[in-house]
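So the sequence shown is numbered by this note's numbering: it starts at 92 and just counts up by one. Just below is one structure, and these are the notes that go with it.
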Amino acid sequence: MKRMIVAPSILSANFLNLEADLKIVNENADIIHLDIMDGVFVPNLSYGTPVIKAITKVAKLPVEAHLMVVEPQKFYKTYKELGISSISVHYEACTHLDRDINLIKELEMKAGVAINPHTDESVLKNIIRVIDYVVVMSVNPGFGGQSYIPYSTEKIERVKELIEKYNPECKIEIDGGVSLDNIESIAKAGGDIVVAGNSVFGSKDPAQTIRELQGINR
Ligand code: DX5
Ligand code: ZN
Numbered sequence: 092m093k094r095m096i097v098a099p100s101i102l103s104a105n106f107l108n109l110e111a112d113l114k115i116v117n118e119n120a121d122i123i124h125l126d127i128m129d130g131v132f133v134p135n136l137s138y139g140t141p142v143i144k145a146i147t148k149v150a151k152l153p154v155e156a157h158l159m160v161v162e163p164q165k166f167y168k169t170y171k172e173l174g175i176s177s178i179s180v181h182y183e184a185c186t187h188l189d190r191d192i193n194l195i196k197e198l199e200m201k202a203g204v205a206i207n208p209h210t211d212e213s214v215l216k217n218i219i220r221v222i223d224y225v226v227v228m229s230v231n232p233g234f235g236g237q238s239y240i241p242y243s244t245e246k247i248e249r250v251k252e253l254i255e256k257y258n259p260e261c262k263i264e265i266d267g268g269v270s271l272d273n274i275e276s277i278a279k280a281g282g283d284i285v286v287a288g289n290s291v292f293g294s295k296d297p298a299q300t301i302r303e304l305q306g307i308n309r
């Protein structure tokens with residue numbers, strides 16, 4: 092049995108006191124999740140290079156970037172230089188997805204593919220053989236604090252089947268609306284990594300919440 096890997100989303104942290112929230116994450120979590128939004132692929136903007144640079148400078152954990160942007164290839168080299176260790180791009184944003192994955196891997200970062208809630212997992216059948224992780228979006232990307240879309244759980248099971256068939260090393264990350272109320276079913280369906288924003292930073296004791304999420308076996 093392995094325990095759940097927890098990646099708090101900094102989007103829900105207190106931007107007026109990021110240092111304090113990053114300390115909690117550094118001391119308790121497994122991965123730091125950065126949500127990058129361009130106002131084009133998703134109807135919202137988040138933060139850019141100066142903020143990422145400040146975060147990676149103090150990060151004691153691997154930092155992953157979730158690129159909710161069109162033309163993500165503009166950022167791979169810069170992110171590598173800033174110390175990012177994994178990048179996920181959206182299936183829906185990349186016409187030449189295989190090329191994007193190769194570019195990320197050539198820079199010696201882990202490469203993931205994120206799929207929106209409505210996207211059928213069968214689109215992963217080819218690319219899954221060469222990626223390090225799949226990000227199953229369990230909310231429509233663009234905002235933190237949304238509710239988990241219940242049909243995501245069955246999708247996790249189907250992604251797991253694809254992984255077992257084509258690339259057993261590939262991990263499944265679940266992003267959006269993850270909480271202590273649904274993490275057990277996510278783990279049971281095959282989730283390896285959970286992104287958690289609101290459920291961590293909106294809780295009374297974020298460190299304790301991270302530890303409770305980690306306490307779930309998968
Ligand atoms: C949604 C982002 C998520 C989100 C997670 O566009 O990709 O990472 O901020 O936050 P919660 O856990 O609040 O849904
Ligand atoms: Zn995300």
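Note that CB positions come from ideal geometry on N, CA and C, so glycine has one too. Since the model is a prediction, treat every value here as computed from it, not as a measurement.
- Here the residues close to ligand 2, judged by CB distance below 6 angstroms to any of its heavy atoms, are Ser100, His124, Asp126, His157, Asp266 and Val286 in chain order.
- If the five residues before and after Gly268 are omitted, its C-beta is found closer than 6 angstroms to the C-beta atoms of Ser229, Val230, Gln237, Ser238 and Tyr239, all from its own chain and listed in chain order.
- Per DSSP, the continuous alpha helix (DSSP H) segment holding Val142 begins and ends at Thr140 to Val149.
- Going by DSSP, Tyr167 is part of no beta strand (DSSP E) but of the alpha helix (DSSP H) stretching over Tyr167 to Leu173.
- Considered as a whole, the stretch 239-290 harbours 243-257 and 274-280 as its complete alpha helix (DSSP H) runs of no fewer than 4 residues, in chain order.
- Put simply, of Glu110, Ile146 and Val133 the residue whose alpha carbon is nearest the alpha carbon of Pro163 is Val133.
- Listed as beta-bridge partners of Asp126 by DSSP are His157.
- For the pair Ile222 and Val204, the CB atoms are nearer than the 7 angstroms cut-off.
- Between Asn258 and Ile219, the CB-CB gap stays under 7 angstroms.
- C-alpha of Gly293 to C-alpha of Ser103: approximately 8 angstroms in a straight line.
- Runs of alpha helix (DSSP H) with 4 or more residues, each lying fully within the stretch 176-234, are found at 188-197, listed in chain order.
- 7 angstroms or more divides the Cβ of Asp112 from the Cβ of Asn119.
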